[in-house]
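Residue numbers (this note's numbering), protein chains in the order written: chain Y, 36 to 363; chain Z, 36 to 363; chain B, 36 to 363; chain W, 36 to 363; chain L, 36 to 363; chain G, 36 to 363.
Backbone N, C-alpha and C fix where the C-beta goes; we use that ideal spot for every residue, glycine too.
Below: the structure, in structure tokens.
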């Protein structure tokens, strides 16, 4: 069985008469629950999946890895071996072996890519450019404030998605979206001299940092307790305030920077605490909106095949998108 | 002229052929602006008013009190003497004398009552009961957190209105509305044992404290810079967080207390940062809603005359209110 | 087979390799339809279920109980025996025997509880307290009006749910919600002296009585023809009007009582005929809203398990609810 | 002064230097209130107007007609004589004489027309056609039900406007709108054979009869107490139910007829108690909508002058209307 | 196998133990896609269906009709023979033979009726009446404009549905809805003399002609590229403009006719380019609304069985519909 | 009198006791209507104004310039001389002389600036840059299409405001807004390689060209008949289509270019005919939104005085704007 090529969930579901056929896969343990069968025996109900799909299966109390699997945290990556089986007409393989991946194995090229969607740009070079953008903020205390926040949350920020659904909803998506907003702002700043460049750049880099607390789970993202009870707008405001005070940022700029975080969602019904009421806050919320919408366009174009003319309807655009290239 | 009875703005406007008639009034200096007449001379444009109305008039550069008046802060209470006059058909008296009221004069019975609307209950006894309510919070750190906030903002809180327009929009209105919510909660707590009394009481007493920063101007209320840029929800959250940390409130309760403040407005489009997601937060937002609506009812009934059957349409109720007593 | 323990639908669905396994259950006959198979023979398509789930199966024309089952009204409770089977991957047991439960059997402790969700408080003691609340209405004709309505609809009211989905959507839910509103009102009345206690109490007890006509089916609730064509607001108004006239309630109070019924839903888009326009109507609609929301909280807490941190998203609260106890 | 031609309010306001100029007018006493001047004397504050405008003036305690005027009900038609005067730049004539019009004078041709807007069709002939439409309802009990309602409310119905603002908002407007709907229905019935003609005709004739109770004031219309507390939908339902029971209309048709009244407003937020759920109710609400919109078009075209190209923006159409004829 | 009676998809799904049972059906090839199995072989994934339902199945590379089937356009009608089979619990028959229907076969009575829903009126006689309606437009250039449009799009218009979902969503539905609107308009025109008959009739006949371009696929309807990128309102406007200019229609009428097309959807959020702002445009949009709603009623009544009391909830009416006849 | 300095309307209104005081002004004749006084004589009712305000006055039949003034088109610029006077408390000067300005006088520096607000950038240099932007569109037929449209409408486009109210609502505002969008697009294009530069640039330059037809009146802007009946989205689409066909633009690009115009308003309720469904259309609508919002910010900052902290509430931002510079 060690020689089996790794199969994705899509592969497993596509096979037509698969009962009993052996397979091996690298999968994410999305959910694990302990239940009691009608005969009184405990069993584990598992949800396993990767980028291409998800299935449910059970692991009974007499399985040699019952206790080890029960102890795995949700969101673990595991190597799974077993045989295809079906229950009530749905894929529900019998599992022979579950081995959690080591950090080293997860770091191997391609390992994470099959489990979760990744940002298309290289994460390392984005992170380098991101840090250079911080270093280039002209105003000293605004730069120090920004630096301070990312010293606290940098590692989480690097891998965090920009959303659970909707735009840039994949690993490194928050880094990608934030960096693209900074690039757009740098391109636009000469045209809007009434906005302060330091405030705009710090505001963009920091506006969504509350999402590093709102979301949790490195591979399988969900809203955390703090995320549900406070929301990323207030959490980001709190982060910015803490590091602004630490960097002795003057009260006027601190208030304007906090305001960018509090208002960047645009409308209260989309989560903004207040409407944008400074030139920089209006500017940042518009650039956010532009890159969020264009991020949906880019992801849809990446996923389109050569024969597609339109995508499925995209809720964020309220429309299908024409994905065929001009002149084709 | 010192013997003149004090006239309200409604009195001044009711008099039919008043040109030249002397008068004296205690008024609020709502706005003061420096303008330049077409002859190049500077003059002050003043807006003066009391509970019953408002008028505009000018004070020219050669008036003996020109400089003193120019220096008065907006929102000052002044004793005014002059003669009735009209410009473009509107009341615009010629002012002979403007004397700012001393603190002692403002404290005299009836002085403030004529300038601004007051809560109907006695402010002193409400304040005493309010402090007793704090002292009765069972949980030590929640009580200390609440006490800490009111040591910082107590004086402002006592006089603050609960709103600029809408419900409890008058001096001491915030104290009155908060106290009435606490009374309602105390009456209801035995019926809803799943909510924690300490958390509910602290949450109610603190939920609107951000309004002491959102609003400014003791007699003439307007939104402050902080109020526009952050909103009372975030400002109150910040106050609560600071004093919760100081009182070493445990992280679980602090998060739940902050959540009550962040969610009490009910819906994001009404200003809530997040939807209520704990039993106590749902309870507080419902009690807030109940007393806010009943506060509109009570104020409307107070203002009704014996011959009224219905009030004007109340925007907060989307209806006129039947103000005639049962059986009359 | 008589010795088989009774299995719930959740039990039947959990069993993994169940084909042919015998079972017995007490179930609700939710739907029964006559169809014709492609061979021209008639068969019954049955939907059966209990509190824990639902399944579909067929009963063919040659089954000894074909005619008896065809004649059963939808919503009947039946004892079912048979063997597990599956069709197209879904549970579809072969039924050997269907026996309708007698009234006596349904009245046995536990019988109804497994079929439908019940209010958590004891129905008998709630009903006693409810009647005492009627008797305690101070105003004679208001009390007689209220008494009159419940003499007409009392039995139906006792078991009616407060909603089909949403809050208090279970057997006795309407009695429970109405009683809890009355308790809340009694606790709050001393704080709001401008509302008339008799009118508020009668208004609360009567506000939702139209639902006894809007809904039908003792065990499986659906909207009746009258419910679809008129709605519970108008139906309740009609009930109240009839008994108010009978009790010779004075025209002023009758109009105010009818208005409470017509306006209690709050907003026309939620079903109110008019906006609340009397002090008592505003008060009742606010107490209704408070207890409806708290009812969702209470039911969610009851259904939570010890390991749950948050509930699923509750549509009525637009949020998940934190169900973990403070300090756990 | 008896020889003075009658002037409209528009005439009185157009005159440029009119102080002291004598005039005579037939006006509506819209509001009358007793006030106390700052000298302690009582005076009456009057609002007087006609189709063309409105003004305010005072009548002092020493005026010979002070007591008689104070006793006039609001909405009375009066003959007024006096001299033009202005207060605070607004027309505020000195009144010499106020004489209430007798019923006979009001009935004179042209008298009412100058005070309030009238339906363009002749009221008498509309009323004749309306009664013939009742008599032509084929189904006996539906015809008797309809006849019964109009025996009770006929006189009020004849003069009632169809709305306070919006469509057909003028004397006889309700009669006109209802009759036009009946004509439209008669024209359309052959095309929609699935709707029952008797039910449709009775439903149309009766759908808005609650407005005869919702509105009050023959010449100056406002919502009555019953109108505010119950709304015309419920009031009309009550009327129809009473006369349907009296005419022994069968339960099925009565329920369908009541449903037409309860649902004709279309959407709950526009006042419908329920959504239309029978073929006849859908049909009646659509015909209502069509004639209401066309009524706004017709009134706007009547009021347009030859040189107008577009009307003002009409709120009911969310647009200006092109009033120029084709080819002009 | 040629003797097999034709089975509908509903028949195929109803059969309980069907594996291996032969069948023959006339079906619509809704979707066809080429996929690669995990063994590297290509196969076709097919979606087939008729009026009564839909199923998916695969056709492998070694099937004799693999290439012929791959080349069939989506929306083709095919005669299918094969044996029942199931995959993952869902119907997934093994296909032995697929034969595209010839035009002649499709034209046979009953062929299309089983594949797609049809308008209830006879298409030929509707088309004759439709053309007579064009010929009866009094104004020459308006008649020529209308005639011109239907010379271009007539064949497509005849079979086009009036919608993909919602009202008149079936073959010939657009013809039926347009013709019924014309009949209703002719019946109503004498009652609304302020609208121009020629403009109204031309406007009605032309208002939805853009749908012949917005939708594509004779048997399986979907929005075309032009439909997604421009919408039927603009496409219809373009058609009308082209033929209006060709017919030398005067500029005033052309603008009013174009305006009817641009505004007939009523509200911008329903797709209108502008609000109706001429008498004729208001009239046409109201008649459109009336017949669209009545079309939903008629279709629901047609589909109801004798024992139904209410239909399912109809999204277009926001309600269930009472389908039981009066007095039954 | 020729020596009088020119006074603005704000100057005229500020003067306190001005009756009889001579003045001279350059004003816009906003409205002129012929009325009949109660003495039967005709007079002109004039509305005159400039950037700073507006007043009404009358010109009687015996005035030497009565006929000449009656013949002036609305929107004419006139030199006015007269004496201050008041009617009903409002400025209503007696006019001695009205002289229409010649084209040459209007072209003098400062003439138009006092009458209407101007874009802050120099119109000539904006126009030069605009034409260079057209010339730099890489794709030949897209450039020719764009060139063709501006050859037809260039002069009107140059002076047209971008809106009647809201953003860039001043002379040359449409040129300014369009040019700024093009600059922003050029800065952003390298960051969004999936959008086609030629299509984006042509789309931006053309997206609002329908406004040159939707608005009319060089100095006093209002919606034209075509604007009300068709809207600028459809009018611009028509312009683009005409010149695209003329320039033999390929069908694919023409459809995409038309789609940009049809979708640029973002949401149907804001006037879009369809939702943006191509990468370029999403991009253009986002850049449009960004520059529209920033245009409101820029105009508000220009109008702020040194002592202002916040602007008035801006409807387009749903907020007041902080206009104080950072650190002041």
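Nearest-angstrom Cβ-Cβ length linking residue 299(Y) and residue 312(Y), presumed shorter than 8 Å
Translated into the one-based positions of the first chain, residue 299(Y) becomes position 264. Translated into the one-based positions of the first chain, residue 312(Y) becomes position 277. About 12 Å separates the beta carbons of residue 299(Y) and residue 312(Y), which is beyond the 8 Å limit, so they are not a contact pair.
Kindly indicate if chain L contains any beta-carbon less than 8 Å away from that of residue 250(G).
Translated into positions along the sixth chain, residue 250(G) becomes position 215. Closer than 8 Å: no.
Residue 177(Y) versus residue 276(Y): straight-line alpha-carbon distance, rounded
As a first step, residue 177(Y) must be located in the first chain, where it is residue number 142. As a first step, residue 276(Y) must be located in the first chain, where it is residue number 241. Roughly 11 Å between the two C-alpha positions.
Decide yes or no for the touch test of the stretch 240 to 250 of chain B against the stretch 258 to 265 of chain B: beta carbon pairs closer than 8 Å, at least 3 of them.
yes
Residue-chain proximity (residue 36(Z), chain W), Cβ-Cβ < 8 Å:
Position 1 of the second chain holds residue 36(Z). Any answer about residue 36(Z) is weak, because its pLDDT of 40 lies below 50 and its placement is not dependable; what the coordinates show is given next. No, its Cβ sits nowhere closer than 8 Å to a Cβ of chain W.
Would a C-beta distance cut-off of 8 Å place residue 329(G) and residue 151(Y) closer than the cut-off?
Residue numbering aside, residue 329(G) sits at position 294 when the sixth chain is read from its first letter. Residue numbering aside, residue 151(Y) sits at position 116 when the first chain is read from its first letter. Contact flag unset, no.
Which of the three DSSP states is assigned to residue 113(W) in this structure?
As a working mapping, residue 113(W) is identified with position 78 in the fourth chain. Strand, per DSSP.
Nearest chain G C-beta to residue 199(Z) closer than 8 Å, yes or no?
Start at 1 with the first residue of the second chain, and residue 199(Z) comes out as number 164. With 8 Å as the cut-off, residue 199(Z) does not count as an interface residue toward chain G.
contact_flag[the stretch 129 to 142 of chain Y, the stretch 172 to 191 of chain Y] where n(CB pairs < 8 Å) is 3 or more:
no
Whole-Å CB distance - residue 65(G) paired with residue 94(G), under 8 Å assumed
In the sixth chain, residue 65(G) corresponds to position 30, counting from 1. In the sixth chain, residue 94(G) corresponds to position 59, counting from 1. No, residue 65(G) and residue 94(G) are not in contact; Cβ-Cβ is about 14 Å, not under 8 Å.
Neighbouring residues, chain B, relative to residue 169(Y) (Cβ below 9 Å)
By one-based count along the first chain, residue 169(Y) stands at place 134. Per Cβ cutoff of 9 Å: no residues; residue 169(Y) is ~35 Å from chain B at best.
What are the residues that DSSP puts in a beta bridge with residue 140(Y)?
Counted from its first residue, the first chain places residue 140(Y) at position 105. Residue 140(Y) has no beta-bridge partner at all, per DSSP.
Residue environment, residue 324(B), which counts as buried when at least 16 other CB atoms sit within 10 Å
For the purposes of this step, residue 324(B) is identified with residue 289 of the third chain, where counting begins at 1. With 16 or more Cβ atoms within 10 Å of its Cβ, residue 324(B) is classed as buried.
Chain Y contacts from the stretch 78 to 91 of chain B (Cβ-Cβ distance under 9 Å):
none
Whole angstroms are fine: how far does the CA of residue 214(W) sit from the CA of residue 267(B)?
Your numbering for residue 267(B) matches position 232 in the third chain. Your numbering for residue 214(W) matches position 179 in the fourth chain. Distance between the alpha carbons of residue 267(B) and residue 214(W): 32 Å.
If you count every other CB in all the chains shown that lies within 10 Å of the CB of residue 188(B), and 16 or more means buried, which is it?
Stepping through the third chain from its first residue, residue 188(B) is reached at position 153. Answer is buried; the Cβ neighbour count reaches 16.
Residue 39(Z) burial status per 10 Å Cβ neighbour count (16 or more: buried):
In the second chain, residue 39(Z) corresponds to position 4, counting from 1. It is exposed - the Cβ of residue 39(Z) has fewer than 16 other Cβ atoms within 10 Å.
Tell me where the beta strand (DSSP E) around residue 82(Z) begins and ends.
For the purposes of this step, residue 82(Z) is identified with residue 47 of the second chain, where counting begins at 1. It spans 77 to 85 - the beta strand (DSSP E) in which residue 82(Z) sits, taken as one unbroken run.
Residues bridged to residue 71(B) (per DSSP)
For the purposes of this step, residue 71(B) is taken as the residue at position 36 of the third chain. According to DSSP, which records beta bridges pairwise, residue 71(B) is partnered with 77(B).
If you count every other CB in all the chains shown that lies within 10 Å of the CB of residue 160(L), and 16 or more means buried, which is it?
Reading the fifth chain from its first residue, position 125 is the one you call residue 160(L). Exposed.
Return the CA-CA distance between residue 114(G) and residue 206(G), expressed in angstroms with no decimal places.
Translated into positions along the sixth chain, residue 114(G) becomes position 79. Translated into positions along the sixth chain, residue 206(G) becomes position 171. Whole-angstrom Cα-Cα distance: 20 Å.
I'd like to confirm the pairing. Which residues does DSSP put opposite residue 234(G) in its beta bridges?
In the sixth chain, residue 234(G) corresponds to position 199, counting from 1. Answer is none; residue 234(G) lacks a bridge partner.
Give the straight-line distance between the Cα atoms of residue 108(G) and residue 147(W), rounded to the nearest whole angstrom.
Walking along the sixth chain from the start, residue 108(G) turns up at place 73. Walking along the fourth chain from the start, residue 147(W) turns up at place 112. Approximately 40 Å between the Cα atoms of the pair.
Contact check, residue 154(Y) vs residue 96(Y), beta carbons under 8 Å
For the purposes of this step, residue 154(Y) is identified with residue 119 of the first chain, where counting begins at 1. For the purposes of this step, residue 96(Y) is identified with residue 61 of the first chain, where counting begins at 1. Cβ distance not < 8 Å, so residue 154(Y) and residue 96(Y) don't count as in contact.
For a contact meaning CB atoms closer than 8 Å, what does residue 294(G) contact in chain L?
Position 259 of the sixth chain, counted from the first residue, corresponds to residue 294(G). Those are 264 and 265, listed as they occur along chain L.
Among 174(G), 116(G) and 135(G), nearest to residue 279(G) - alpha-carbon criterion
The sequence position of residue 279(G) within the sixth chain is 244, counting from 1. Minimum Cα distance to residue 279(G) is reached at 174(G).
If you compare alpha carbons, which of 86(B), 361(B) and 58(B) is closest to residue 204(B)?
Counting from 1 along the third chain, the entry for residue 204(B) is found at position 169. Out of 86(B), 361(B) and 58(B), 86(B) has the C-alpha closest to the C-alpha of residue 204(B).
Limits of the alpha helix (DSSP H) - the one that residue 261(Y) falls within:
Stepping through the first chain from its first residue, residue 261(Y) is reached at position 226. Here the alpha helix (DSSP H) through residue 261(Y) covers 260 to 281.
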